Structures are given as structure tokens and as C-alpha cells.
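Here my numbering is used: the first residue of the sequence shown is 317, the next is one more, and so on.
All C-beta atoms in this analysis are idealised placements derived from N, C-alpha and C, irrespective of residue type, glycine included.
These figures come from a predicted structure and were not determined experimentally.
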Amino acid sequence: IFYLSYLLPLFTESSCEEGRFRCNNGNCIPNRWRCDQENDCADGSDETPAMCMNYCKHHEIKCKNGEQCIPISWKCDGSPDCRDKSDEENCRKLKKHFLQFVSLH
């Protein structure tokens with residue numbers, strides 16, 4: 317009976333609630349804890365190199381080419397930071413002029 321009560325949760329819980337990540341050990345953690353350089357699953361499955369290789373942190377954005385992540389604050393700052401310069405695409409030119417105008421006062 318002990319053996320059955322130990323294995324039963326492993327077979328009945330096959331997914332996590334929306335917005336949560338299922339660890340290899342069956343635990344569920346918030347998605348934002350994945351690839352945050354902290355072992356939240358206890359088995360390390362939330363920090364595997366294969367999963368985290370192209371995963372940006374919550375305060376970063378992925379460049380269009382998918383090769384790098386940059387801080388959100390670098391988007392549309394007038395200086396291309398992505399190798400493909402995608403962080404400066406679709407930026408309103410008014411933003412730069414407005415910021416310069418405001419910074420003069």
C-alpha cells in the first residue's frame with residue numbers, strides 16, 4: 317500500500333496550471349523561475365543548458381535573429397545593440413527627439 321500511495325501522484329499529475337513549468341521531478345514552479353540561474357526544481361530541470369540557451373530573462377528582449385538577449389531599456393535607445401540591429405527597428409523617431417528636448421531642461 318505504501319508503494320502504491322507513493323507512485324499514485326506521479327501518474328495522476330501530468331501537467332501544471334497555466335503559467336507554471338513542470339519540473340522533471342513532477343513539481344510545478346512559476347514560469348518566471350525558469351532559466352533564472354537558480355535551481356528551483358531541486359532536480360535542476362528548470363536550468364538545463366538546452367532549455368536556457370535561448371531564453372531571455374524577464375527584463376530582457378530577444379533580438380530578431382534569436383542569437384542574443386538585451387535589456388529592455390536598450391530597445392529604441394538610438395544605439396543598435398543587437399548584431400542584427402533589430403532593437404532599433406519600428407522605433408518612433410519622435411521618441412528620440414522628445415527625450416532630447418526634455419533632457420535639455
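Boundaries (first-last residue) of the beta strand (DSSP E) holding residue i
i: Pro346; result: 344-346
i: Pro396; result: Segment: none, Pro396 is in no beta strand (DSSP E) and carries neither H nor E.
i: Arg408; result: Run containing Arg408: none; DSSP gives neither H nor E here.
Burial state of residue i, where buried means 16 or more other Cβ atoms lie within 10 Å
i: Arg348; result: exposed
i: Arg350; result: buried
Under 8 Å between C-beta atoms of residue i and residue j
i: Glu383; j: Pro396; result: no
i: Asn340; j: Asp352; result: no
i: Asn381; j: Asp400; result: yes
i: Pro346; j: Arg338; result: no
i: Glu376; j: Cys368; result: no
DSSP bridge partner residues for residue i (one or two, in chain order)
i: Pro387; result: Glu376
i: Arg336; result: Pro346
Nearest-angstrom Cα separation, counted from residue j out to residue i
i: Cys398; j: Trp390; result: 9 Å
i: Gly342; j: Pro387; result: 32 Å
i: Ser361; j: Lys378; result: 22 Å
i: Ser330; j: Asn406; result: 41 Å
i: Gly394; j: Ser402; result: 12 Å
i: Glu354; j: Lys373; result: 12 Å
i: Ala366; j: Glu333; result: 23 Å
i: Thr364; j: Cys344; result: 16 Å
Proximity test, residue i beta-carbon vs the ligand MG heavy atom, cut-off 7 Å
i: Ile377; result: Absence of the ligand MG is noted for the structure shown, with no ligands found whatsoever.
Residue interval of the alpha helix (DSSP H) (run including residue i)
i: Cys368; result: 365-368
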